[in-house]
Amino acid sequence: HLFLTRPTQKFYELKQYKKGIKAADAILKVFPDHGETLAMKGLTLSCMDQKEEGVELVRKGLRKDPRSNVCWHVYGLLYRADHNYVEAIKCYRNALRADKENLQVLRDLSFLQIQMRDTKGYAETRRQILALRPSNKSHWLAYAAACHMGGDMKTSTRVLQAYADSLTDEDPTRAPYERSELILYRTMILVEGGDIAGALEIVENNKDVIVDGLALREERARLLHLLGRLSEAETEYRSLLEINCECHEYHAHFRKVLEEQWGGPDPEKMIGVYDELEKAFPHSLAPKRLLLDFSKGDAFRTRADRYVRALLHKGVPSLFMDIRPLYNDEEKVSILERLFLDYASSLQSNMAFPPLEGVEAVKETPDTYMWVLFLLAQHFDCIHEQERALAYIDEALRHTPTVLELYSTKALLLKHCGDYEGAAKIAEEGRLLDLADRFINTEAAYFALRADMVDRGEQTAVIFTKDGGGGEQSSNLFDAQCIWYETRTGESYLRTGQYGKALKMFLRVDKHFMEFVEDQLDFHTYCLRRGTLRAYISFLRMEDRLFGHKYYRRAA
Amino acid sequence: LFVVAMGESGMHPLVFTEMSAKVIGQVKALNAAVFPIHYDDSFYDSVLATPHLTRLAYHRGILVGAACCRLEREANQPSKVYIATLGVLAPYRSMGFGSQLLREILTMVQSLGGETVTQAYLHVQVNNDEARRFYERHGFCVSHEIPNYYVRLVPADCHVLVKDLTSAGPSSSA
Numbered sequence: 006h007l008f009l010t011r012p013t014q015k016f017y018e019l020k021q022y023k024k025g026i027k028a029a030d031a032i033l034k035v036f037p038d039h040g041e042t043l044a045m046k047g048l049t050l051s052c053m054d055q056k057e058e059g060v061e062l063v064r065k066g067l068r069k070d071p072r073s074n075v076c077w078h079v080y081g082l083l084y085r086a087d088h089n090y091v092e093a094i095k096c097y098r099n100a101l102r103a104d105k106e107n108l109q110v111l112r113d114l115s116f117l118q119i120q121m122r123d124t125k126g127y128a129e130t131r132r133q134i135l136a137l138r139p140s141n142k143s144h145w146l147a148y149a150a151a152c153h154m155g156g157d158m159k160t161s162t163r164v165l166q167a168y169a170d171s172l173t174d175e176d177p178t179r180a181p182y183e184r185s186e187l188i189l190y191r192t193m194i195l196v197e198g199g200d201i202a203g204a205l206e207i208v209e210n211n212k213d214v215i216v217d218g219l220a221l222r223e224e225r226a227r228l229l230h231l232l233g234r235l236s237e238a239e240t241e242y243r244s245l246l247e248i249n250c251e252c253h254e255y256h257a258h259f260r261k262v263l264e265e266q267w268g269g270p271d272p273e274k275m276i277g278v279y280d281e282l283e284k285a286f287p288h289s290l291a292p293k294r295l296l297l298d299f300s301k302g303d304a305f306r307t308r309a310d311r312y313v314r315a316l317l318h319k320g321v322p323s324l325f326m327d328i329r330p331l332y333n334d335e336e337k338v339s340i341l342e343r344l345f346l347d348y349a350s351s352l353q354s355n356m357a358f359p360p361l362e363g364v365e366a367v368k369e370t371p372d373t374y375m376w377v378l379f380l381l382a383q384h385f386d387c388i389h390e391q392e393r394a395l396a397y398i399d400e401a402l403r404h405t406p407t408v409l410e411l412y413s414t415k416a417l418l419l420k421h422c423g424d425y426e427g428a429a430k431i432a433e434e435g436r437l438l439d440l441a442d443r444f445i446n447t448e449a450a451y452f453a454l455r456a457d458m459v460d461r462g463e464q465t466a467v468i469f470t471k472d473g474g475g476g477e478q479s480s481n482l483f484d485a486q487c488i489w490y491e492t493r494t495g496e497s498y499l500r501t502g503q504y505g506k507a508l509k510m511f512l513r514v515d516k517h518f519m520e521f522v523e524d525q526l527d528f529h530t531y532c533l534r535r536g537t538l539r540a541y542i543s544f545l546r547m548e549d550r551l552f553g554h555k556y557y558r559r560a561a
Numbered sequence: 002l003f004v005v006a007m008g009e010s011g012m013h014p015l016v017f018t019e020m021s022a023k024v025i026g027q028v029k030a031l032n033a034a035v036f037p038i039h040y041d042d043s044f045y046d047s048v049l050a051t052p053h054l055t056r057l058a059y060h061r062g063i064l065v066g067a068a069c070c071r072l073e074r075e076a077n078q079p080s081k082v083y084i085a086t087l088g089v090l091a092p093y094r095s096m097g098f099g100s101q102l103l104r105e106i107l108t109m110v111q112s113l114g115g116e117t118v119t120q121a122y123l124h125v126q127v128n129n130d131e132a133r134r135f136y137e138r139h140g141f142c143v144s145h146e147i148p149n150y151y152v153r154l155v156p157a158d159c160h161v162l163v164k165d166l167t168s169a170g171p172s173s174s175a
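Which chain is which? The protein sequence lines are A and B, in order.
Note that the first sequence covers residues 6 to 561 in our numbering.
Note that the second sequence covers residues 2 to 175 in our numbering.
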């Protein structure tokens, strides 16, 4: 039978559906009961928007030839297209009963199994695929990954070892990145399986293979730390900090390693270490910023004074967000407030900061005063003194009305005061300051939606879509998977009692997440680190359940 | 167009650009802060039609000054440039930014191909001594007065300040 269906199959794969139908019909004229042709024709029809007819035909084909693996496979494909994976899997299994070694069906089955997170089934299918075609590289990796996903680290390690050994015959300069990734993946699995020493060994023995130099060092440091070889780990982290002193992740690990060596946290010692780091890397911000976390009282005041005025002098708009974590400490908050207020009055009268030992006194440019006002506005907003905050932001706006950040901060402020319409208005004013700035556009759209001005929100958001506002705007936003927009619009409808429209919006969000999961199927063959990706996606779905569906249930 | 000029605050040179549609909101905000007159949309539309006759001045990434001009050609008359608006935000004055802006405009005007522009002129409210002195420092003179020029301001009269551009080289002494 195979060669009879071949032309139809070929046309289906090439997406030349009309030709496929013609070919199928030609065969059916002579063999009207040929199950497989009926099934293939049905499949083709289902791709041509004639789904019901297509399904009927496939069922007919199956009745005519219930042992045909092609028929079952096709039926499975139809179920899959309908996202009915449970039934699809059943069909594939039936197809395999007819033809145990059909690679295509095995592959399709494996995709669905992992989609449904049937890790055991997935691993077993993958093993079969590997056994059938061991010459294909990706089959090895897929099987190893499948075992990994199912928690069977030992088998996974063995598989990868065997695979790696087989590679030694190959030219070592070929595909350097893949080899490198393979090593790193093996270490990941070993660590998850608890064999950290083994992982380190692999890293050490394959130093030259790992092309991602940074990852190599990071891995070494991490593994040494896990093994309890603390002073070596410390050395590694110090060299990492030399490469990139701004990386807070390195700092966090570094501090942990130190504290473990000291037998617990020791703020005094930590300050000492970081004082040295600051001297070693005078241009780096991270040590200075971290010292603000560790110090208290007068020492904190001096350090904060130096840090903040330097950034104000530079005119860094994100200054407040940087120091915001300090606001959990009441004492620090009042120290900062005093500092900021002193800056403001000093700059206003002398165009200079108050004198500070060790810091050269310079005349500031006028914008520095504006940035202090900006900082004060954010400060008072954060400690819930909205009126004072508003006074400062308005003064800043009077001073230099051409600065975007002032508008978006004022919008946020007004929102905190509960004045959603005012917030939308000022955000829109800000947006007009720079029509090419996508961020302020998003903010303006967001505030409009928060104020339940849904049309305005949509009009604003579409400015940055493909067609820029003409025609079917909503569909462009949908294609862009603009989830924040859909969620906020949905919430707005919820507030105004338009539950039907709200539901529509949340369903769009749901669809996006389904797409995320769907799309992953195509990636996984190429992605060794799939494990991480998967965890991320489950996490996302969980978030989605929390966020979208909480409201979903209320709306229902 | 990006031109960088050294000014008194040599550490932070002014950066000049031409007006463009995407930042028109900034210019409107600036003009609203600087001038007592409101300029409506048709004004900005005509300005956008000739962006090369505008200059925006950025100090440390912030728009602090802007100037918009018009070329006027009457039949049988030599061309003149009319400075419609030229302003610097109040906190940023006395730093030489206005002078730089004006010099930018005059240089641009004199390097225009085609006709020679013989004169630059503008209107200043009669009580605005600061502005009048500024232009006088740059070689402008009060030519005459126009009573009731400003519909909504008090005083409503204005001075017309004129500078002859045909003399060799710009004469600015600020």
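Where a beta carbon is used, it is the ideal one built from N, C-alpha and C, also for glycine.
Computed from a predicted structure; not experimentally measured.
About 6 Å separates the CB atoms of D310 of chain A and L344 of chain A; that is less than 8 Å, so the two are in contact. Taking 8 Å as the threshold, the shortest C-beta distance from V514 of chain A to chain B does not fall below it.
Taking the beta carbon of A416 of chain A as reference, no residue of chain B falls within 9 Å; the closest one sits roughly 15 Å away. Taking 9 Å as the cut-off between beta carbons, the residues of the region 436-447 of chain A near chain B are R436, L437, L438, D439, L440, A441, D442, in sequence order. Counting the other CB atoms within 10 Å of its CB gives F299 of chain A a total of 16 or more, which places it among the buried residues. Annotated as proximal: Y93 of chain B and P371 of chain A, with beta-carbon spacing under 8 Å.
By the rule that beta-carbons nearer than 8 Å mark a contact, L123 of chain B does not touch chain A. Within the same chain, Cβ atoms closer than 6 Å to the Cβ of F385 of chain A are found at R393, A394, the five residues on either side in sequence being excluded. Q21 of chain A and E57 of chain A have their C-alpha atoms some 20 Å from each other. In the structure shown, T18 of chain B falls within a strand segment according to DSSP collapsed to helix, strand and coil. Residue pairing by DSSP places E73 of chain B opposite B:K81 in a beta bridge.
Listed along the chain, the chain B residues whose CB falls inside 8 Å of the CB of T407 of chain A are Q27, A30, L31, I63, L64, V65, L90. Assigned with DSSP and collapsed to three states, D165 of chain B falls in strand. When the five nearest sequence neighbours on each side are left out, the beta carbons in the same chain lying within less than 6 Å of the beta carbon of E264 of chain A are those of P270, in order along the chain. Neighbourhood of H404 of chain A in chain B, by CB distance below 7 Å: P92, in chain order.
Between A44 of chain A and G66 of chain A, the gap from beta carbon to beta carbon is short of 8 Å. Look at the beta carbons and you see the region 224-235 of chain A touching the region 252-264 of chain A: at least three pairs across the two are nearer than 8 Å. In the DSSP assignment, Q126 of chain B forms a beta bridge with B:C159. Within the same chain, Cβ atoms closer than 8 Å to the Cβ of S244 of chain A are found at R222, the five residues on either side in sequence being excluded. Among the residues of chain A, those whose CB is under 7 Å from the CB of H13 of chain B are T370, following chain order. Secondary structure within the region 98-180 of chain A: the alpha helix (DSSP H) runs of 4 or more consecutive residues, fully enclosed, are 108-120, 124-137, 142-154, 158-172 (chain order). Counting the other CB atoms within 10 Å of its CB gives R134 of chain B a total below 16, which places it among the exposed residues. Within the region 309-326 of chain A, the residues whose Cβ lies closer than 8 Å to any Cβ of chain B are, in chain order, G320. Interface annotation, A50 of chain B: not in contact with chain A, CB-CB separation never under 8 Å. A401 of chain A sits away from L417 of chain A, with the two beta carbons spaced by 8 Å or more. Following the DSSP letters along the chain, one finds E146 of chain B in no alpha helix (DSSP H) but inside the beta strand (DSSP E) bounded by residues 142-147. Under the three-state reduction of DSSP output, H60 of chain B falls in the strand class. An exposed status is given to E75 of chain B, since fewer than 16 other beta-carbon atoms sit within 10 Å of its beta-carbon.
Annotation for D303 of chain A: the continuous alpha helix (DSSP H) segment containing it runs 302-319. Bridge pairing for V35 of chain B: absent [DSSP].
For T86 of chain B, the closest of B:I63, B:M96, B:A121, B:P79 by C-alpha to C-alpha distance is B:A121. Distances from the CA of Y425 of chain A to each of A:E434, A:A396, A:A456 were compared; the closest alpha carbon is that of A:A456. Y90 of chain A is positioned such that its CB atom lies closer than 8 Å to that of L117 of chain A. Per the DSSP secondary-structure output, L87 of chain B pairs in a beta bridge with B:A68.
With a cut-off of 8 Å on Cβ pairs, the region 347-367 of chain A is not in contact with the region 45-57 of chain B, counting fewer than three such pairs.
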